[in-house]
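So the structure is just underneath, and the comments pick up after that.
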Amino acid sequence: MNITEIFETMDYGPAPESPTPALAWIKERQPFGLFVNGQWVKPASGQYLDSINPSTGKPLTQVAAANSEDVNAAVTAARTAFETWGKTPGHVRARYMYAIARHIQKHSRLLAVLESLDNGKPIRETRDIDIPLVARHFYYHAGWAQLMASELPGYEPVGVVGQIIPWNFPLLMLAWKIAPALAMGNTVVLKPARYTPLTALKFAEIVQEIGLPPGVVNILTGEASQVGEALVRHPDVNKIAFTGSTDVGRSLRRATAGSGKKLSLELGGKSPFIVFDDADLDSVVEGVVDAIWFNQGQVCCAGSRLLVQEDVAERLIAKLRARMEKLRIGDPLDKAVDIGAIVSSAQLKEIQRLVEQGVDEGAEMWQPSWACPTEGYFFPPTLFTNVSPATTIAQVEIFGPVLVSMTFRTPAEAVALANNTRYGLAASVWSENINLSLDVAPKLKAGTVWVNCTNLFDASSGFGGYRESGFGREGGKEGLYEYVRPACETAGPASTPSSKFPIAKGAVHPSNGSEPAIGTSLDEDERTVSEFEPSNGSRIALPAIDRTPKMFINGKQVRSDSGYSQDVYDPAGRVIGQVGEGNRKDIRNAVEAAHAASGWASSTTHNRAQILYYIAENLSVREGEFARRIVQQTGRSQADAITEVQAAISRLFSYAAWADKFEGVVHRPPLRGVVLAMEEPIGVIGMACPDEYPLLDFVSLVAPAIAMGNTVVVIPSQQSPLSATDCYQVLETSDLPDGVVNIVTGDRDMLSQVLADHDDVEAMWYFGSAEGCKRVELASASNMKRTWVNYGHPRNWLDPIQGEGEEFLRESTQVKNIWVPYGD
Ligand code: NDP
88 MNITEIFETM DYGPAPESPT PALAWIKERQ PFGLFVNGQW VKPASGQYLD SINPSTGKPL
148 TQVAAANSED VNAAVTAART AFETWGKTPG HVRARYMYAI ARHIQKHSRL LAVLESLDNG
208 KPIRETRDID IPLVARHFYY HAGWAQLMAS ELPGYEPVGV VGQIIPWNFP LLMLAWKIAP
268 ALAMGNTVVL KPARYTPLTA LKFAEIVQEI GLPPGVVNIL TGEASQVGEA LVRHPDVNKI
328 AFTGSTDVGR SLRRATAGSG KKLSLELGGK SPFIVFDDAD LDSVVEGVVD AIWFNQGQVC
388 CAGSRLLVQE DVAERLIAKL RARMEKLRIG DPLDKAVDIG AIVSSAQLKE IQRLVEQGVD
448 EGAEMWQPSW ACPTEGYFFP PTLFTNVSPA TTIAQVEIFG PVLVSMTFRT PAEAVALANN
508 TRYGLAASVW SENINLSLDV APKLKAGTVW VNCTNLFDAS SGFGGYRESG FGREGGKEGL
568 YEYVRPACET AGPASTPSSK FPIAKGAVHP SNGSEPAIGT SLDEDERTVS EFEPSNGSRI
628 ALPAIDRTPK MFINGKQVRS DSGYSQDVYD PAGRVIGQVG EGNRKDIRNA VEAAHAASGW
688 ASSTTHNRAQ ILYYIAENLS VREGEFARRI VQQTGRSQAD AITEVQAAIS RLFSYAAWAD
748 KFEGVVHRPP LRGVVLAMEE PIGVIGMACP DEYPLLDFVS LVAPAIAMGN TVVVIPSQQS
808 PLSATDCYQV LETSDLPDGV VNIVTGDRDM LSQVLADHDD VEAMWYFGSA EGCKRVELAS
868 ASNMKRTWVN YGHPRNWLDP IQGEGEEFLR ESTQVKNIWV PYGD
């Protein structure tokens, strides 16, 4: 081709990156061992696995296949290292992490080429996106290591962390996992994905190079069934951090239930890409390229559902097809290539299967006229139109370069269509009208919303999902809390109130059992019987008017559906009242009411604060009555009871104060623009209260949740429910909208199970037995709801550190990051 012809066609010539240094690096080391306790060791099994180059389909090298014996060795090394690393000053950890970041930059080209060879993604992406983001992640978290002591007082590292990462961003996912873990003083055992182990092994070399103490980072290559599962079940692992498919995430939730292991899950997505009719369509086209053809569409937050306002749909689709004709697919090491290879033949077959299903279901498929390379695992960019929202390709994560498009007419319809998915990872909104974009962004159920941009990431801005996209955040300050625990959790409660009688239904009651009956200091007037004097001058003792608390659902006191009641006893074993025995139907009604009250989330924070103050005011008017009730139920002294009521009132004041102060932050990532990290309510929270302080526990859980805009279904203390049921009138007279707080009395564990199983409950808090915690965690896997449980450990609810504060506010919220670039 001569110069004139080149000017005519303006075609790109090949711009190949040499694989030679990377291949030489591989050759010198193969077969690769495992990295345990700072050493390269042979796998216990003696087995090795091929690592394939997806752009050729041929083996690149062999890596060790670890098994449970290797997992034991790595966890032991990590545990030993934790004893020192967990106590190493933040400044020292920061220096190590800074060194890691520097060394990643020093080896950046080797890492970029290795990643392209092993994963099939274009060198342009590994060189310009993956590896720079990896370095940035370590720099950013070196900063948090330095600041941990001052910025996260009262928190300590979790311990040994098991980390399982996928193949789509191998080194970047490693950085997202390892950097915050190390910054917070944890040690790690990491399993890379079966398909893409190489950059993790180069990372292990870097760890050696910088002299990180042995055992702080351990890397085990191998298969999920051998390494992943053993890591998840290992009793000495304190936390599992996972990125991958929703199905595996769900199985990990079940496998870790009740173990006390912390868990964070970054799972799948089917993210909407919403285009309003005033958007700049040429920018939109480039946005779509980045949304769904970046990394061959193998991106958990890929904009895989194109939602276009009807009047511009035809024009946009025509522009898109023209652009797709120009996309270049081929050798990932060619710097002029836009689309590389799919990671594996299995993934390629899965994409092909889903595309065929889309065609069978009646959608219209379009692909460019050019052909893909025949060697290796390639799939062309694909666009589906005429897609119905309920079809498989509109609902299922395809994880390939396949875009499905649908149309909408109004912003409300766009939001409804966008949220019509079980996922909630990310979304992008395209409009030249910033008012419209910022109105729509908070309505989208997604952890990240990009305005007029897409697939932007930065260490400062947390990333993570809602609903079946998982829970927990990576990046930002919020991501750090995934790797720490409140120190009080390990120290245990400072002191606990005397709980003098058994809580379980059917357990031996004190009056029949060995515990002595406890005298109460109950005011006499609580038990005196008034007298009635009819006209004949005789005096008749008057029985007290029966007060049987009902359920409190949708602002009304309603009878339990079960038609049964259960007795409430005082510590001496005397029946002091009865409450309704709630059942499934009551819980379902309460959840429905809580959902109907979702407008509470958009009430002003000032309004929420006012209502909390009002509840406190109304409670204080009845301080004596509430104190007497506590004495009656618990046998504690009147002074103690008054302290509890006053603490409850103070707590209501605290959350009224926080209502308009726990608001999020503005990040300044390295781009022209801002990221608004907004604290959003989670939705409907189910909560089971503990028994220690009947009134204070109830208030301590309900107040932060409603302060942040959630609506709640509460199971009060099973042992002493009357303090919560006495609150009905307080709530009724405090301007609280109907349905914001719903109360169902009865068997804590049975009712908690129903709440945890319920698909319309977004989070479940449980404070009860260890066995109950396990059941809640297991059941929550159905819709991947967030859980907060106490693993059977009591806390001192009177203590302002253990009983209130930011931990409660964080459990009541999720962070949404809204990216808003500016400039023309
Ligand atoms: P998986 O979820 O199976 O794998 C992710 C990681 O988990 C890998 O390291 C894998 O190991 C490991 N793993 C798998 N099963 C277990 C287990 N039972 N216990 C412990 N660890 C386990 O994803 P796939 O690679 O199979 O991809 C399948 C689909 O998942 C994709 O088509 C896509 O839809 C989705 N996916 C989503 C990702 C995301 O970022 N959200 C990333 C990757 C996939 P191994 O590699 O050895 O199997």
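Going from the sequence shown to our numbering is simple: count from 1 and add 87.
Every residue gets a Cβ at the ideal spot worked out from N, C-alpha and C, and that includes glycine.
None of these values were measured; they are calculated from a predicted model.
1) Would you be able to state if there are at least three C-beta pairs under 8 Å between the segment 880 to 894 and the segment 763 to 782?
2) Among residues of its own chain, excluding the 5 on either side of A102, which ones have a beta-carbon nearer than 7 Å to its beta-carbon?
3) Does the count of Cβ pairs from the segment 125 to 136 and the segment 152 to 169 closer than 8 Å reach three?
4) For S547, I'd like the list of residues in its chain whose CB is within less than 8 Å of its CB, leaving aside the five on either flank, ordered along the chain.
5) Would you identify the three-state DSSP class for R882, choosing helix, strand or coil?
6) So does N255 have its beta carbon nearer than 8 Å to some heavy atom of the ligand NDP?
7) In the DSSP assignment, the beta strand (DSSP E) including H194 goes from what residue to what residue?
8) Here's a check: name, in chain order, each residue in its chain whose Cβ is nearer than 7 Å to the Cβ of K672, leaving out the five neighbours to either side.
9) Look at the alpha carbon of L783 and the alpha carbon of L809, and state the distance between them as a whole number of angstroms.
10) Can you tell me which of the three DSSP states D230 falls into?
11) Once DSSP output is grouped into helix, strand and coil, what is the label at P573?
12) Between which two residues does the beta strand (DSSP E) carrying F119 extend?
13) Could you give the C-beta distance for A574 and E243, rounded to a whole number, given that I count them as a contact under 8 Å?
14) Assuming I251 is part of the alpha helix (DSSP H), what are its boundary residues?
15) Quick one: residues in its chain with C-beta nearer than 7 Å to the C-beta of L239, no 5 flanking neighbours on either side, listed in chain order?
16) Taking the C-alpha atoms as reference points, what is the distance between T44 and P279?
17) Looking at the ligand FMN, does it come within less than 8 Å of S338, judged from the CB to the closest heavy atom?
18) Of the residues F471, D425 and I429, which one's Cα is nearest the Cα of E443?
19) Going along the chain, which residues of its own chain have a beta-carbon closer than 8 Å to the beta-carbon of G751, five neighbours each way excluded?
20) Closest by CA to Q720, which one among G686, S689 and G660?
21) Rounded C-beta distance between R873 and F558? I'm assuming under 8 Å.
22) What does the alpha-carbon distance come out to for the pair K145 and I139?
23) When you compare the CB positions of E202 and P257, do they come within less than 9 Å of one another, or not?
24) Using the Cβ count rule (16 or more neighbours within 10 Å means buried), how would you classify T148?
25) Kindly provide the ranges of any alpha helix (DSSP H) runs that are 4 or more residues long and lie completely inside the segment 299 to 357, ordered along the chain.
26) Assuming A843 and A866 make a contact with CB atoms under 8 Å, what is their CB distance in whole Å?
27) Say the cut is 8 Å; is the CB of S370 nearer than that to a heavy atom of the ligand NDP?
28) Rounding to the nearest angstrom, what Cα-Cα distance links L758 and V907 in this structure?
29) By a C-beta neighbour count over all protein chains shown, 10 Å radius and 16 as the cutoff for buried, is N273 buried or exposed?
30) If you draw a straight line from the alpha carbon of G711 to that of F785, how long is it in whole angstroms?
31) So does D157 have its beta carbon nearer than 8 Å to some heavy atom of the ligand NDP?
32) Let me check understanding here. Comparing Cα to Cα, which of A868, Q454 and V386 lies closest to R415?
33) DSSP on S138, reduced to helix/strand/coil?
34) On the three-state DSSP scale, how would you describe M795?
So, from the listed chains and residues:
1) Using a C-beta cut-off of 8 Å, the segment 763 to 782 makes contact with the segment 880 to 894, since at least three inter-stretch Cβ pairs fall below that distance.
2) Result list for A102: D421, K422 and A423, in chain order.
3) Contact between the segment 125 to 136 and the segment 152 to 169 is present, because at least three Cβ pairs lie under 8 Å.
4) Closer than 8 Å at the Cβ level, and outside the excluded window around S547, lie Y227, G562, G563, H754, R755, P756 and V762.
5) Per DSSP, reduced to three states, the secondary structure at R882 is coil, with no helix or strand assignment.
6) Answer for N255: yes, Cβ within range of the ligand NDP.
7) Element bounds for H194: n/a, residue is neither H nor E.
8) Here the set comprises D648.
9) For L783 and L809, the distance between alpha carbons rounds to 12 Å.
10) Looking at the sequence itself, residue 230 is Gly, so the reference to Asp does not match. Helix at G230.
11) Strand.
12) Taken as a continuous stretch (DSSP letters only), F119 belongs to no beta strand (DSSP E), as it is neither H nor E.
13) 5 Å between Cβ atoms; contact.
14) Where I251 is concerned, there is no enclosing alpha helix (DSSP H), although the beta strand (DSSP E) it sits in stretches over V247 to I251.
15) Hits under 7 Å: L567 and V571.
16) Summary: the structure shown does not reach residue 44, with the chain confined to residues 88 through 911, and so no result is reported for it.
17) Because the ligand FMN does not appear in the structure shown, any question about it cannot be addressed here, the ligands present being the ligand NDP.
18) Ranking F471, D425 and I429 by CA distance to the CA of E443 puts F471 first.
19) Contacts found: L763, A764, M765, E766 and V902.
20) Selection G686, S689 and G660 evaluated against Q720 yields G660 as nearest (Cα-Cα).
21) About 5 Å separates the CB atoms of R873 and F558; that is less than 8 Å, so the two are in contact.
22) If you take the alpha carbons of K145 and I139, they lie about 6 Å apart.
23) Cβ atoms of E202 and P257: closer than 9 Å.
24) Its Cβ being crowded by 16 or more others within 10 Å, T148 is buried.
25) If only uninterrupted alpha helix (DSSP H) runs of at least 4 residues are considered, those enclosed by the segment 299 to 357 are 316 to 320 and 333 to 343.
26) Indeed, because the Cβ distance is near 4 Å, the residues count as touching under 8 Å.
27) Relative to the ligand NDP, even the nearest heavy atom lies 8 Å or more away from the CB of S370.
28) The straight-line gap from Cα to Cα measures roughly 10 Å.
29) Classification for N273: buried.
30) For G711 and F785, the gap between their C-alpha atoms comes out near 18 Å.
31) D157 Cβ: outside cutoff for every heavy atom of the ligand NDP.
32) Cα-wise, what sits closest to R415 is Q454.
33) Correct three-state label for S138: strand.
34) Coil at M795, not helix or strand.
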